[in-house]
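What follows is one structure encoded as structure tokens, with my remarks underneath.
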Amino acid sequence: MKYIQLSVLLFAVIMASCTEKQSQEIVIASPDNSIEIKFNLSEKGEPIYLVNYKNKEVIKSSTLGFNLKELPSLKEDFKIINSATSSFNETWQMPWGEQLDVVNNYNELKIELQETSELKRKLNIIFRVFNDGIGFRYEFPEQENLKEVFITDENTQFNLTGDHQVWWTPGDWDIYEHLFNTTKFSKIDALSKANHPNLGQTYIPLNAVNTPVTMKTASGLHVSFHEAALVDYADMTLKVDTTNFTMTSGLVGSANNDYKVVRTVPFETPWRTIQIAEKAGDLIESKLIVNLNEPNKLGDVSSWVKPTKYTGIWWEMHLGKSSWDMASGKHGATTKNAKAFIDFSAKNNIGAVLVEGWNTGWEHWIGFEDREGVFDFVTPYTDYDLKEVVRYGKEKGVEIIMHHETSAATQTYEKQQDTAYALMQSLGIHAVKTGYVGKILPKGEYHHGQYMVNQYNNAVIKAAKYKVAINAHEPIKDTGLRRTYPNTISREGLRGQEFNAWATDGGNPAEHLPIVAFTRMLAGPIDYTPGIFDIKFDKWKAENQVNTTIAQQLALYVVIYSPIQMAADLIEKYEGNPAFEFIKDVGVDWQQTKVLNGEVGDFVTIARKERTSENWFVGGITDENAREMELNFNFLSPNTIYQAFIYEDGKDADWDKNPTAINIREIEISNQSIIKMQLAPGGGFAISLKPKK
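First residue of the sequence shown? That's 0 in numbering that gives the first Met the number 0, and the numbers climb one at a time after it.
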């Protein structure tokens, strides 16, 4: 990875003559001066910060601190013993991603605090202010009176300026697969979402929301809250006070412990992040989350981390056509079936095939109390010849994506990772989809607690030693660690496409993805598995369907970002369908990304330029409302004519009544062109733009 250092400026401001209860307001602004943080201490010595955007409050005075087990709280009686500010500006390059060059430009303020009480414990707070938001973290420096910390609560407060519109999911400790809700802040009721019948595991102990959580103020400002660099710490939910319009960090705990986090001093917490934008689309273009992570620790990964499209033995199990286990008599992961997918992929510019259900153990993988030892991750069923499938794939130029479903039996997977990854390395397999369905073993742990955060992150680090990239399902949230470990290629972490096949609540509504683009996608890549052409799938699940048009399914390859994109439907549904040409053509790795329009929960249009060519691709989606969009192509290269292949909703298209109606046309476009697009209810469009020779 190439790093271009532009400037680093460091200067220190020593605050002398601070008495125990006196403090001095310290101000730090973004490089363009649009965002400002003010820091102070209260009369009780509490750390307090507030955030302004263009001289108007975004976050009112909010307190910071911790409650600790068997020790006095770390949240008051502080004095400022030192402060230092610095500026940083670099441009670094993504090995893969939404764009090639990333500007990382911020001003930093480090506050060093010490208690005035007898213990004289120290706590540092570091703020980074970007032009598109802020990040701040706590630092526990090495000190005499604090060696090990058992955190029972982190008291990071976000004091809002009003009753904002909020797009939220409940602060579930075990799963991110809830639908998004759209309410005023005062109407957030996470506890009403407990015990959802379509979720394999769920635990919502408090009225809290998961992050990213996005809001829109009465003045039209967009604000999104999340975290970055979640390492050896618990996931942060946000507890809501619906009366006072305040959120406070609520760390995910464990039934086995009376604390949320244990760490040895010195250490740093994850960054707490606030992205700020006047236009909703600017939230998507922001790279604040990845910028707050450490640079690449793996070096050049281009030979084994490869953005690609893939097909796979997966959707057919959700439809009921086949099964993961062999005992059912309709096993999907057979050598014959895998070769059929390889043949189809080789013929259609698709680089990989995912095979689920290949290894023994699926008869006992879920619903059993003791799932430890069920899977061994190296032994195939007798009707699946792993080595022959890999050999055949190589012959056809198609890679195999391994699948490791752990059934949340973490100790079994941890013990066998070296063996499993070594097998992959010996076969030249460089990617694995992992799964953690079910309640975590050991009992008492939750998917989002510190124990599991370390499980997920350690798997990525170990996999890198074997040149294996991980696409995690039932994961911990994405917090930008793909910058540090670029073998973290994608993850689930939302209510995915499979809910359309079997959920009992009607599947994902038409507004789902226009919300996801401005919430979950802000965290990082999503393995959503688009491309379902058989929208109704009456042959398999007459009571279920996908709640979009086929044109929107095409648009998702551009709108919902991932460096791996699945053509998820049964391969026979693609044969002879002209709409499949877009899936064959569309890129997966990008040089530039432009958000052309968008409103949270309503619609969004995104244009992306392929990294390996001069081709652009555009995708637009809408909610349940039909709408007309005007597209300006001024982002295209000047003095160039592009051949545009447009895949749009047919005249009478509708996500429910006529979802497969599609119109395909070809026109010429330049950077002077402005065209109007008609989107059906639940519809969309996809455009492929190639320079004319």
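All C-beta atoms, glycine included, are put in the ideal place defined by N, C-alpha and C.
All of these numbers come straight from a predicted model, not from anything done at the bench.
Given residue i as reference, the closest of the options once Cα atoms are compared
i              : options                        : result
glycine 184    : Val208, Asp173, Asp369         : For clarity, residue 184 is phenylalanine in the given sequence; the question names glycine instead. Looking at the Cα atoms, Val208 is the closest of the given residues.
tryptophan 323 : Glu613, Arg607, Lys608, Trp364 : Trp364
glutamate 362  : His225, Ala326, Asp131, Ser344 : Ala326
tyrosine 52    : Ile273, Glu413, Leu73          : Ile273
proline 577    : Gln92, Glu176, Val212, Asn347  : Asn347
threonine 478  : Val260, Ser72, Arg271, Gln142  : Arg271
glycine 311    : Val431, Pro508, Leu220, Glu277 : Val431
leucine 569    : Trp314, Gly523, Gly134, Asp240 : Trp314
proline 680    : Pro637, Asp651, Asp584, Asn624 : Asn624
arginine 519   : Asn180, Pro94, Gly161, Glu147  : Asn180
isoleucine 534 : Pro562, Val515, Pro513, Tyr573 : Tyr573
glutamate 413  : Glu226, Met401, Tyr435         : Tyr435
threonine 547  : Pro529, Trp539, Ile460         : Pro529
glycine 96     : Trp589, Lys238, Val377, Pro71  : Trp589
proline 46     : Asp76, Gly199, Ala463, Asp281  : Asp76
alanine 462    : His447, Met676, Tyr484         : Tyr484
threonine 268  : Ala233, Thr160, Ser41          : Ala233
serine 753     : Thr155, Glu647, Lys689, Asp240 : What the structure shows of the chain is the stretch from 0 to 692, and residue 753 is not part of that stretch, so it cannot be assessed.
threonine 155  : Lys650, Val239, Lys55, His177  : Val239
isoleucine 399 : Ala345, Gly448, Asp369         : Ala345
lysine 305     : Val354, Thr247, Gly427, Ser116 : Gly427
valine 617     : Arg626, Asn596, Thr611         : Asn596
isoleucine 460 : Ala566, Ser86, Leu297, Gln23   : Leu297
alanine 217    : Gly492, Lys395, Asp162, Arg262 : Asp162
asparagine 158 : Thr247, Trp172, Leu205, Asp526 : Thr247
proline 379    : Gln424, Gly249, His330         : His330
Element boundaries [alpha helix (DSSP H), containing residue i]
i              : result
glutamine 416  : 409 to 426
glutamate 387  : 385 to 395
leucine 229    : Unbroken run through leucine 229: none, as it is neither H nor E.
asparagine 453 : 449 to 464
glutamine 551  : 549 to 558
Beta-carbon proximity of residue i to residue j, cut-off 9 Å
i                 : j                 : result
isoleucine 645    : isoleucine 663    : yes
tyrosine 383      : threonine 333     : yes
methionine 451    : isoleucine 475    : yes
glycine 701       : isoleucine 27     : Residue 701 falls outside the range modelled here, since the chain spans only 0 to 692, and no answer is possible.
alanine 554       : phenylalanine 684 : yes
phenylalanine 149 : valine 260        : yes
threonine 592     : glutamate 284     : yes
proline 513       : aspartate 601     : yes
leucine 112       : phenylalanine 139 : no
glycine 619       : valine 545        : no
threonine 307     : glycine 360       : no
threonine 213     : valine 165        : yes
serine 321        : glycine 356       : yes
asparagine 456    : valine 102        : no
asparagine 486    : valine 467        : yes
phenylalanine 498 : asparagine 507    : yes
proline 30        : asparagine 104    : yes
phenylalanine 210 : histidine 225     : What sits at residue 210 in the sequence shown is threonine, not phenylalanine. Against a cut-off of 9 Å, the Cβ pair of histidine 225 and threonine 210 comes out as a contact.
arginine 127      : glutamine 142     : no
glycine 443       : alanine 254       : yes
glutamine 677     : glutamate 627     : yes
phenylalanine 38  : tyrosine 137      : no
lysine 691        : glutamine 642     : yes
8 Å contact criterion, which residue i and residue j should meet: CB distance rounded
i              : j             : result
tyrosine 48    : serine 61     : 6 Å
isoleucine 531 : glutamine 552 : 6 Å
glutamate 371  : glutamine 410 : 6 Å
isoleucine 288 : leucine 521   : 7 Å
serine 687     : valine 585    : 7 Å
threonine 84   : glycine 170   : So it is not a contact: roughly 34 Å between Cβ atoms.
leucine 108    : isoleucine 36 : 7 Å
Residue i - containing beta strand (DSSP E), residue span
i                 : result
tryptophan 501    : Careful: tryptophan 501 lies outside any beta strand (DSSP E), inside the alpha helix (DSSP H) at 498 to 501.
valine 515        : Note, valine 515: premise wrong, no beta strand (DSSP E); alpha helix (DSSP H) at 511 to 515.
asparagine 336    : Taken as a continuous stretch (DSSP letters only), asparagine 336 belongs to no beta strand (DSSP E), being part of the alpha helix (DSSP H) at 334 to 346.
valine 78         : Reading off the sequence shown, one finds lysine at residue 78, where the question assumed valine. 77 to 92 is the span of the beta strand (DSSP E), which, as asked, contains lysine 78.
leucine 40        : 34 to 40
phenylalanine 684 : 683 to 690
valine 57         : 55 to 62
glutamate 398     : 398 to 404
glutamine 677     : 673 to 678
aspartate 240     : 235 to 240
Mind pulling the beta strand (DSSP E) runs of 3 or more residues that sit fully within the stretch 563 to 644? 563 to 565, 589 to 598, 602 to 609, 615 to 621, 626 to 631
Enumerate, from N- to C-terminal direction, the unbroken alpha helix (DSSP H) stretches of 4 or more residues contained entirely within the stretch 111 to 188. none
What ranges does the beta strand (DSSP E) occupy inside the stretch 267 to 332, keeping only unbroken runs of at least 3 residues that lie completely in it? 270 to 276, 307 to 312
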